[in-house]
Amino acid sequence: MRLTSICLRNVGPFGSEGVRLAGISPGLNVVCETNEFGKSSILDALQLILYQPFSSTKADVKSRMHAASTDGFEGEIYFEVDGRQYCFWKRFLKRKGARLLDVSSGDILAVDRTAEEKLASLLRADVSQKGPSGLLWVKQGYSMEAVKDDGQIASRLEGELGTLIGGDRARTYLTRVNAELAEYLTPSGQEKKGGPLRRAREAVAATQSELDEALRRRDMTASIGAELSRVTADITRLTQDADMETAAQQIEQARADMTAARRFADSLELRQAKSTEAAAAAQRAATRQAEYISACVSFDKTREQLGLLDAQHEQSLEDLKTLKTQRTELRRSLSENETRRDELDRVRKRRDEIQRQTQRLETLQKDQQRLGACLEHYAALKSKQARLTEHLSDLPALTRADVESLRRAADEVQQYDIELTALSTPLYLELTEAGAGKVTLGENILSSGPVELTGGSALKIAGIGEIRSDERQLRETRRNLDRARQTQADLLAQFSVSDAAEAATIADQRHELEESRKHITAEMARLAPEGLSAIETAFHSAESEIRDLADHLEDTQAEASEAEDRDEDIDIGERLRTERAKLEVLDDALAAARQTLAKTQAEQARLKEKLTGLNLPRDLTARTAGAEKLAGETLDAEAKARALRADTEALKASAPEHSLDLLQARLTRLEAAAETARQELETLKTNAARLQARREAAFEGGDAEGVVALLEARLETEQDELARRNREKDVRVLLRDTLVETQTRLREAYTAPVMAELAPLLSRVFPGARAELGDALGVDSVLRQGKLEKIAQLSGGTQEQFAILTRLAYARLLARSGASAPVILDDALVYADDARRDAMFDVLGLVSSGETPIQILYLSCHSGATRHLGGNRITPQPW
Amino acid sequence: MGFTFIHTADWQLGKSFGQFPADAGAALRRARQNVIARIAEAARGAGAEHVLVAGDVWDSAIPSHATLRQPLTIMGEAGDIQWWLLPGNHDPDGADGLWDRIDDVKPKNVHTLRRAEAFEICSDVFLLPAPWARIQHGQDLTDWMSGCETPEGALRIGIAHGGVRGFGSEDNGAREIIPPNRAETAKLDYLALGDWHGFKTISPRMAYSGTPEPDRHKSGARGQVLAVTLKTGHLPKIESLPTASYDWPLVDLALQPGAVKTLTQELRRSLETGHPLRQTHARVNLSGEMTVEDWAEFEAFLEEMTGECASFDVRGMSDVRLVVVAEDIDSLDAQGSVRETAERLAARSENSDLSRGDRQIASDALRLLFSYASQTA
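Residue numbers (the numbering used here), protein chains in the order written: chain A, -11 to 867; chain B, 48 to 424.
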């Protein structure tokens, strides 16, 4: 869309005469008028005419009516779309209507609502929206606001670019799904307290808790019933038990049996006591008789033992005496032998001494021999050393180094000689006849012809002299040769040799002699490291010691032989050991004899005391009479006891069938069983009453089983509800996430071409700066000199410049896609400094020219500033 | 002249119905009690003096006094009818002492069948009961009937509770123990069975009466008692008499794209053939697929039925596949992120690499997006 003309009437300050902006070019158009001329009214009216239904009576329509106007406010817009010229007319409020004409043909294309719809289609806009005012049309005072997509321009752009972040619809869906999700979840993704999901979960937990309690109550009710049945059955069993009567009869019978048995037991006990007493008396009499007889036997036996002991005592005393004598004798012999043993020990030590001295003597003799040989060898070496020294003193003092000097001197002479020979001088000899044979070179007689005169030779001319070459190098070489020969001669004279070979022979001889002397010196040093005198001293010392030792040994051996002569061929040690063993045996025998004697004496005392204790007459006849009396008493007592025992046995034969103990045990058992049964019945009846009461109470309430079933069903329903709520939440989370993901992706795709358009414009005003677009399609942040700044942090003027540049970028994008839309700027750039303003004017000039110029309508009240802007100046005219 | 009696079972008095809201559950419990009076009416209508209840009279062996006594009172009020009650697996004559409690308070015209022995309920008519003594007995309680002697020419009516071998039982066959030829082997003129909640004939002389007031969703079960007429030398004459106050239809609904409206209308007509919808507890098992447009249609139907029926339980909603075509996404009337979101969710709902649950969540998310769009439009 490109505007070509705008005509308005009865709007703002424009009354019936109206206003007309004609000749609007496709590029930059400038309307510069003073304040309150009505520029903003023109912009507002343009928006209403294009985007507000003609039937609208809204306040924003009414408020823009000219104050003194009686007719409705109307406008006529001329514009071009896809190369075709249109005129759109609209009037509000009075005689309202709309009309769209084809300018070239003058045909009315549509009227009223159809005209508006057709216009919207041409503008690719939604008639329900108010137009792209926020995006491309900037009202006075709003130029600082960043671009905000109101959905209209976005929807226009999306068709051309094929991309869209969703506009209002997507935002609506996202808002709605977020609102619904907020019922379920907190912003951090937790379940929201009081939300349907949390409520469902809490309901499940609460019901589960109720169910647990109901199950407990049901089980308790059922168990009460089961317990009651069991108790009732037990009561019935106990009550109907026929054994209970039998038990009572048995108890009575047992008690009667007990009385009879107890009476019998008393009689028997009395009879048994008497019988027992008689038996005891008989036993006592028998015991007395037996004791008396036993005492008599013991008396006789003791006396016999005492006689034997007296004999033993005498024998023991005799044995003790013999042993003492033997021990005294043995002790004496032992003492003698110990003396002899000590003497033998001394002789043995003397022999050991002789043996050690003999060994020492042998060692000393060997050392003396060795030292003697050493002294002889040393003397021989010393003689040899003297001879060598003498031989060396006869030879010239020549070393191998001297020989080397001689060889080098000979070599030098030979070298210079060779050099001299090599330095020849060619001559040509022409001899006269007279001269023939008179010229010689060495041994050769020369004739006429060429002659090679070598350095060392001379041409001798008999009778005349010699001819030598006197060439400089020859002369030098000859001097060197002479000097070398002199040196050689001096050396030969110094060493008194004829040549180097002789010198070498002499040097070798000296070397060998010196080596031999060194070897001898070393050998002598090895033999006598501390000198010859030390060896000689050692030799003499050994000799003296040998002599002393030999004398001492001779004396000692004499003493030893004397002792050996006295020594008997007896092993004293063996004898001592034998005698000591015998002494020990004797000591033991003595101790045993003493012990036997003591025991015998003690036994004698004991037997005597025993005899006294038996208190029996010593007379045998008296003892026999006493024994016979006691035997008679015993026989009487035993007869009485037998008679009583026979009576008792006779009574036992008439005893009752069961013993008293058995009857007592039976009675105790029967009474205990009866008591147990009674108590059990009592307990069961109490339990039954208690259970009955509890069951009655339980049945007075609700159905325990029914409550469980109800809660189980409710729990299932609530679990279903929880699953359903969870699912609803998951569904919304997925929808939200998918919407956000696609919006993010598309926003990036969508803003890319805008950024491409914006970048070159931005570089003209802010070199090196880069802008990032936000969700509302405006600039969100700016990157300058490596620093990222939020747009809100920038100055008002800079924000305005970014906002206008962004609008221009969108406008270029629309223009390139064939959906051009005019950019209307009302009093923009009022905050820009001169440099920025000029740069922005450059940009406005750039975008409004070229192949796809943007149509710009620049409304301003600053004539001075707009003077620099250029562009097509439009002067408003009455309509 | 034959002998006519009413055969019924599985009253399960006191059943809780916890899956429903409290008031609906209470109404259902009341209905189970109120049906006793209708059974008495049916008996009178059929000329029967005896009502045989073949087990599970109560839902539990430990009912409260109220749950126990109120039905007995109702039976007592129908004094012209003799009520013969048999312990079943839900209310066994066991350690809980239920039947002692019943015997303690029952009216004169109520008789408990607690022993496996012949009862002469009227001249030459003998009842051979198979009472349950505990929840699980593990044996054929009708076995004794074969050896039970009754006078020559007398009618022999067996009454038992549990599954018949090969015919199933309410607990998926776990109690299938009664031989299918028991009527023949025990020379019974009729064997009145309980346990199966629907009316089922096992043989000409063996039948389950079903429950008089249904308590669960069962295909075709509407609640009835059987009026049985026995005549020596003839097969029993069995007549089903409706007694229920609620319907519990169970419907499988296979949805097809574009046919949802027709299918839901047919379903509604089907449900309206029984009791009024306000007395209908319906369950619908869904399968198949629906378009975006169908979903809106179906949700409106759901809203309508949920309001009108006593309960309208829809299962398998998440199993229904959402069929999305390009036009549906175009109809979102949006481009860019909305469109791409729809396309992504559609692709995710078809992605076989994802779990079934994740695919269903994607499908639901897409449906939610369409729902937003339709509401915004």
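Yeah, the Cβ is synthetic: ideal placement off N, Cα and C, and Gly gets one too.
Rounded separation between residue i and residue j - CA only
i        : j        : result
A:Ala807 : B:Arg316 : 57 Å
B:Asn413 : B:Gln80  : Per the sequence shown, the amino acid found at residue 413 of chain B is Leu instead of Asn. Approximately 48 Å between the Cα atoms of the pair.
B:Ala93  : A:Asp222 : 47 Å
A:Ile455 : A:Glu464 : 17 Å
B:Gln129 : B:Arg91  : 11 Å
B:Leu333 : B:Leu300 : 5 Å
A:Leu599 : A:Thr612 : 17 Å
B:His54  : B:Ser193 : 21 Å
A:Ala491 : A:Glu502 : 16 Å
A:Ala86  : A:Ala33  : 14 Å
B:Ala113 : A:Glu688 : 8 Å
B:Glu340 : B:Met364 : 16 Å
A:Gly60  : A:Ile30  : 16 Å
A:Thr195 : A:Lys775 : 60 Å
A:Leu216 : B:Ala84  : 34 Å
A:Gly859 : A:Val7   : 21 Å
B:Asp294 : B:Ser402 : 38 Å
A:Glu531 : A:Asp496 : 46 Å
B:Thr51  : B:Pro323 : 32 Å
A:Ser504 : A:Leu376 : 8 Å
A:Glu148 : A:Ala803 : Low confidence applies to A:Glu148: its pLDDT is 37, below 50, so where it sits in the model is not reliable enough to give any reading.
B:Val370 : B:Thr338 : 5 Å
Opening and closing residue of the alpha helix (DSSP H) in which residue i lies
i        : result
A:Gly620 : Leu608 to Lys640
B:Ile26  : Residue numbering for chain B in the displayed model covers 48 to 424; residue 26 of chain B lies beyond these limits and cannot be assessed.
B:Gly367 : In the sequence under discussion, the amino acid at residue 367 of chain B is Val, which differs from the Gly named in the question. From DSSP, B:Val367 is part of no alpha helix (DSSP H); its letter is neither H nor E.
A:Arg460 : Arg460 to Phe483
A:Thr869 : The question about residue 869 of chain A has no answer, for chain A in this structure spans -11 to 867.
A:Trp77  : Counting along the chain, A:Trp77 falls outside any alpha helix (DSSP H), though it belongs to the beta strand (DSSP E) covering Arg72 to Arg79.
A:Pro748 : Ala692 to Val753
A:Ser29  : Lys27 to Tyr39
A:Glu659 : Leu648 to Glu688
Opening and closing residue of the beta strand (DSSP E) in which residue i lies
i        : result
A:Val18  : Leu16 to Cys20
A:Gly63  : Glu62 to Val69
B:Ile224 : Glu223 to Ile225
B:Phe417 : Careful: B:Phe417 lies outside any beta strand (DSSP E), inside the alpha helix (DSSP H) at Arg403 to Thr423.
B:Lys247 : Lys247 to Ser250
A:Asp576 : Taken as a continuous stretch (DSSP letters only), A:Asp576 belongs to no beta strand (DSSP E), being part of the alpha helix (DSSP H) at Ile560 to Leu602.
Residue i and residue j closer than 9 Å at C-beta
i        : j         : result
A:Leu651 : A:Ala249  : yes
A:Lys717 : A:Leu(-9) : no
A:Asp355 : A:Ala522  : no
A:Ser457 : A:Leu411  : yes
B:Ile285 : B:Asp236  : no
B:His208 : B:Asp171  : no
B:Ser107 : A:Ala697  : yes
A:Arg861 : A:Asn17   : yes
A:Ile844 : A:Ser836  : yes
B:Ile408 : B:Ala393  : no
B:Gly185 : B:Asp138  : no
B:Glu260 : B:Ser292  : yes
Under 7 Å from the C-beta of residue i: neighbouring residues of chain D
i        : result
B:Val385 : Of the protein chains in this structure, namely A and B, none is chain D.
Next item on the list: May I have a chain-ordered list of the alpha helix (DSSP H) segments no shorter than 4 residues that lie completely inside the stretch 101 to 151 of chain B?
Entry: 112 to 124
Next item on the list: Output the residue ranges of the beta strand (DSSP E) runs that lie fully inside the stretch 282 to 318 of chain B and measure 3 residues or longer, sorted by chain position.
Entry: 284 to 289 and 297 to 302
Notebook entry, point to check: Taking three-plus beta-carbon pairs below 8 Å as touching, is the stretch 62 to 79 of chain B in contact with the stretch 692 to 702 of chain A?
Noted result: yes
Checklist line | Every unbroken beta strand (DSSP E) within the stretch 195 to 237 of chain A, with a cutoff of 3 residues, ordered by chain | finding: none
Margin query: So, does the stretch 651 to 671 of chain A touch the stretch 70 to 78 of chain B, judging by three or more C-beta pairs under 8 Å?
Written below: no
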